[in-house]
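Numbering (my numbering), first residue to last: 321 to 909. The beta-carbon is built from N, C-alpha and C at its ideal position, and this holds for glycine as well. Here's the structure we're looking at; comments come further down.
Laid out in structure tokens, this is it:
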């Protein structure tokens with residue numbers, strides 16, 4: 321049963337039609353679920369709990385496209401020509417309170433909170449016999465997890481963490497017009513919710529779509545890692561949670577089969593901790609902009625135009641530095657996976673790019689991985705076209721099961737690709753950071769990084785010989801490796817604002833954008849084997865190189881990236897959006 325609950329934006333609508341919010345709140349809302357009507361037993365409360373999970377389908381919660389622009393991961397649109405104003409503002413960090421993106425996201429997260437509170441209110445209205453049931457506790461723990469999670473996201477994104485705590489369903493205008501709480505108050509609130517979830521959720525559920533104690537431990541550990549930059553003692557608390565996630569009874573394990581990473585075959589694999597389950601098997605008749613539908617739009621926004629992707633000014637494609645970094649990861653040639661049989665010569669040779677690169681991004685020189693059912697990315701896509709896009713993210717596309725994004729959901733606007741919010745590799749890397757920063761334990765941190773590198777067939781880190789310059793790692797140089805190599809290449813465009821929050825909490829965002837704005841890249845042609853014609857063909861101006869082009873006519877120089885972000889970046893937080901300030905008398909910017 322799909323339920324439509326009252327939304328915060330209803331109050332904005334109320335103002336727009338010149339009705340007072342007081343009058344609105346005095347009337348019965350036919351869409352609001354009544355605890356008296358719907359919470360007579362745990363089957364009915366389960367139905368409403370499902371609507372909380374449904375609220376997480378909202379594409380604005382992840383906002384992969386916009387967040388890739390806001391971080392150092394992606395370039396908006398085409399590199400030769402004007403960038404759309406809305407994309408440029410996000411890319412350059414010129415984001416005001418009336419920006420549609422931050423309003424949509426705020427409302428989406430408070431929708432999750434609203435529904436979680438609805439479930440909790442209904443569960444608390446039940447009799448003692450029902451409240452004594454294990455199932456009641458599990459439902460309450462799930463509702464409190466999502467309420468805590470949404471407050472955690474809002475705290476990380478808006479107004480330096482000072483947001484509105486919504487712990488009850490507003491019954492009066494006074495209930496609705498709540499002031500901002502301090503960042504510390506918000507942290508205490510969402511951690512209380514998450515601790516309850518951690519203590520009361522099962523270790524596993526039969527339904528893989530459900531959150532567990534391991535999910536709660538992951539978010540708790542992340543929250544303490546985030547706050548450790550201000551309170552170093554929190555590294556120790558974060559370590560405790562991360563150790564439990566890795567070594568606890570949840571059954572998580574790093575995936576070793578690269579074909580199960582970011583593909584349909586790998587849905588809910590052993591590495592997945594929190595995954596949003598989309599499908600094109602239901603409700604395809606609904607609009608692509610219906611945020612309660614079971615499909616999402618980011619496949620269209622990250623696919624090549626020739627494979628059903630959107631017009632070139634709506635896309636997010638990889639930043640030049642990221643493409644170059646993926647292309648130059650050092651392989652461990654003792655790993656047999658890094659030796660392949662060349663399709664043209666039938667002779668063994670080294671892989672063109674790393675397995676990690678192949679899983680994360682499509683680039684012209686990856687001749688060893690299928691892309692949109694073609695033997696290689698160079699065959700499937702003309703990287704040297706006038707669009708000047710040289711790296712396509714794979715995490716949101718159907719590149720593994722279709723020749724075109726239009727083939728899966730009748731239109732490229734509707735994708736059933738699952739979205740991974742949290743996975744075990746991230747926990748390993750966060751644990752490594754906590755060990756490094758909290759204990760200055762270089763070897764301990766490397767021991768947590770290397771299992772990830774090993775599963776990709778990459779050269780392992782050696783404490784005595786750094787990959788950068790061959791000298792022994794120090795705390796600073798290993799932290800640089802985590803910040804600028806391991807985390808961005810492993811977690812590119814993943815999670816909820818993971819990268820920009822990382823840059824901000826490390827206090828390196830401004831320096832990072834300034835540094836990237838001075839880096840130069842150009843493109844050269846690339847020869848590839850075409851299976852259909854059994855010949856070698858060329859994609860001109862398609863392979864990213866670092867530096868200044870020796871011949872900009874033959875090998876074009878790329879436009880400098882992040883010059884606007886270098887100029888306009890402030891603190892990495894959004895202001896309180898107008899959807900809140902117009903409907904809440906107690907809040908203003």
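Secondary structure within the segment 418–478: the alpha helix (DSSP H) runs of 4 or more consecutive residues, fully enclosed, are 420–444, 448–451, 454–477 (chain order). With at least 16 other beta carbons inside 10 angstroms of its own, residue 746 counts as buried. Excluding five sequence positions before and after residue 490, the CB atoms of its chain that fall closer than 7 Å to its own CB belong to 496, given in chain order.
Annotated three-state conformation of residue 535 is helix, per DSSP.
In the DSSP secondary-structure assignment, residue 859 is bridged to 846. In chain order, 637 place their CB closer than 6 Å to the CB of residue 709, counting only its own chain and leaving out the 5 sequence neighbours on each side. Exposure of residue 891 is indicated by the presence of fewer than 16 other C-beta atoms within 10 angstroms of its C-beta.
Per the C-alpha coordinates, the member of 643, 473, 378, 536 positioned closest to residue 615 is 378. If the five residues before and after residue 663 are omitted, its C-beta is found closer than 7 Å to the C-beta atoms of 695, 849, 851, all from its own chain and listed in chain order. Per the coordinates, the alpha-carbon of residue 872 lies some 15 Å from the alpha-carbon of residue 399.
Within the same chain, 662 come within 6 Å of residue 669 by CB-CB distance, once the 5 residues on both sides are set aside.
Of the residues 738, 511, 455, the one whose Cα lies closest to the Cα of residue 464 is 511. The Cβ-Cβ distance between residue 783 and residue 771 does not fall below 8 Å. Residue pairing of residue 865 in beta bridges, as defined by DSSP: 842.
Look at residue 612 here: in three-state DSSP terms it is coil, with no helix or strand label. Of the candidates 517, 808, 671, the residue whose Cα lies closest to the Cα of residue 440 is 517. Rounded to whole angstroms, the separation of the alpha carbons of residue 458 and residue 522 is 8 Å. If you check the CB distance, residue 426 and residue 478 come in under 8 Å. Counted as a single uninterrupted DSSP element, the alpha helix (DSSP H) harbouring residue 680 occupies residues 675–680. In the three-state reduction of the DSSP assignment, residue 742 falls in the strand class, which pools E and B.
By the neighbour-count criterion, in which 16 or more other beta carbons inside 10 Å mark a residue as buried, residue 576 falls on the exposed side.
Within the same chain, 521, 522, 523, 524, 525, 570 come within 7 Å of residue 532 by CB-CB distance, once the 5 residues on both sides are set aside.
Here residue 669 is bridged, per DSSP, to 660. DSSP places residue 639 in the coil class of the three-state scheme, outside both helix and strand.
Closest option to residue 573, judged by alpha-carbon separation, among 802, 743, 830, 794: 743. Per the C-alpha coordinates, the member of 432, 903, 806, 447 positioned closest to residue 645 is 806. If the five residues before and after residue 840 are omitted, its C-beta is found closer than 8 Å to the C-beta atoms of 866, 867, 868, 877, 878, 880, all from its own chain and listed in chain order. Residue 756 sits close to residue 762, with the two beta carbons spaced by under 8 Å. Spanning the alpha carbons of residue 415 and residue 501 requires a straight line of approximately 22 Å. Here the segment 726–736 makes no contact with the segment 697–715; the two share fewer than three CB pairs at distances below 8 Å. The three-state secondary structure of residue 595, taken from DSSP, is strand. Taking residue 541 as reference, the option from 752, 388, 639, 493 with the minimal CA-CA separation is 752. Per DSSP, residue 792 lies in no alpha helix (DSSP H) segment and is marked neither H nor E. In the DSSP assignment, the residues bridged to residue 694 are 691. When secondary structure is reduced to three states using DSSP, residue 716 falls in the coil class, being assigned neither helix nor strand.
Residue 428 and residue 453 have their C-alpha atoms spaced approximately 31 Å apart.
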